[in-house]
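Q: Dumping the structure here so I can ask a few things about it.
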Amino acid sequence: MDVYECIKSRRSVRSYLDKDVEEEKLNRILDSARRAPSANNKQNWKFIVVTDPDLRKRLCVAAKNQGFVAEAPVVIAACATKTDHIMTCGHPSHLVDLAIAIDHMTLAARELGLGTCWIGAFQQDEVKKILGIPQGVEVIELLPVGYPAKWPDPKPRKKLKEIVSVNGWE
Ligand SMILES: Cc1cc2nc3c(=O)[nH]c(=O)nc-3n(C[C@H](O)[C@H](O)[C@H](O)COP(=O)(O)O)c2cc1C
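Heads up: the sequence shown at position 149 corresponds to 1292 in the working numbering, and the numbers run straight through without jumps.
Written out as C-alpha cells, the structure reads:
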C-alpha cells in the first residue's frame, strides 16, 4: 500500500478485536514515530506503550470512558518531554512535533492492517498519575492501536477548492 492509499483509507477506529498486536508490527509503528521530523531535530518526545489491561481500563476512565480505549490491546501515550520552545512563527514546537510523529504512527499502522484513533479527550493530570509521568512532561495524545472489529466508513472532507487558494488568501 503506498502512502496516499494509507492516507485515503485510514479511519478513526473505535472498536477492536480481542487480538494482540505482534511485537514486530508495534515496533515498526514506533519506529515510524522515531523517524518523524521535529523542530531543530530535537526529538523531545517519549512514547509509552500501555498493554496492561488494568492500566488500559484506567486510561479509558481518564479518557471520558471512551470504551474502545480499554478495548484496544495497545494504547500509546505520546508525550512531549519539553514544552517551552516557541518557534519564530509563534507556535509551540512540541505540539507540531508530536502531531507529526503521531500521524506517522497512524499511517504505519494502517499499512499493517491495524487501526488507531487519536484521543485528545482525556484528563491530563489523571493520565499522568496513572502512568507515573513526571512534572514538565505533557501527554499530547493517547493512541489506541489494534485490529479493527470493522473499518468505519469514510468521514466527509471539505472539497479542495474550499481549503486551497493560490498566490494569496481568497
Ligand atoms: C487532535 C485529535 C483529537 C481527537 N480526539 C478524539 C477523541 O478523543 N475521541 C475520538 O473518538 N476521536 C477523536 N479524534 C478523531 C476525530 O474525531 C476523527 O479524526 C475525525 O472525526 C475524522 O474521522 P476519521 O479520522 O475517521 O477520518 C481526534 C482526532 C484528532 C486529530
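Built from N, CA and C at the ideal position, the CB exists for glycine as well.
1) Since I believe C1260 is in contact with V1156 (beta carbons under 8 Å), could you give me their beta-carbon distance rounded to a whole number of angstroms?
2) Would you report the Cα separation of G1233 and E1281, rounded to the nearest angstrom?
3) Measure from the alpha carbon of T1226 to the alpha carbon of each residue in I1219, K1189, K1207 and V1218, then state which is nearest.
4) At a threshold of 8 Å, does A1215 count as lining ligand 1 (C-beta to nearest heavy atom)?
5) Could you check which residue in A1205, P1180 and K1200 has the C-alpha nearest to that of M1137?
6) Going by CA-CA distance only, name the one from L1286, P1216 and P1287 that's closest to D1161.
7) Which word fits R1300, buried or exposed, when buried means at least 16 other C-beta atoms lie within 10 angstroms of its C-beta?
A: According to the structure shown:
1) 5 Å
2) 19 Å
3) K1189
4) no
5) Within the shown structure, residues of the chain are numbered from 1144 to 1313, placing residue 1137 beyond reach of any answer.
6) P1216
7) exposed
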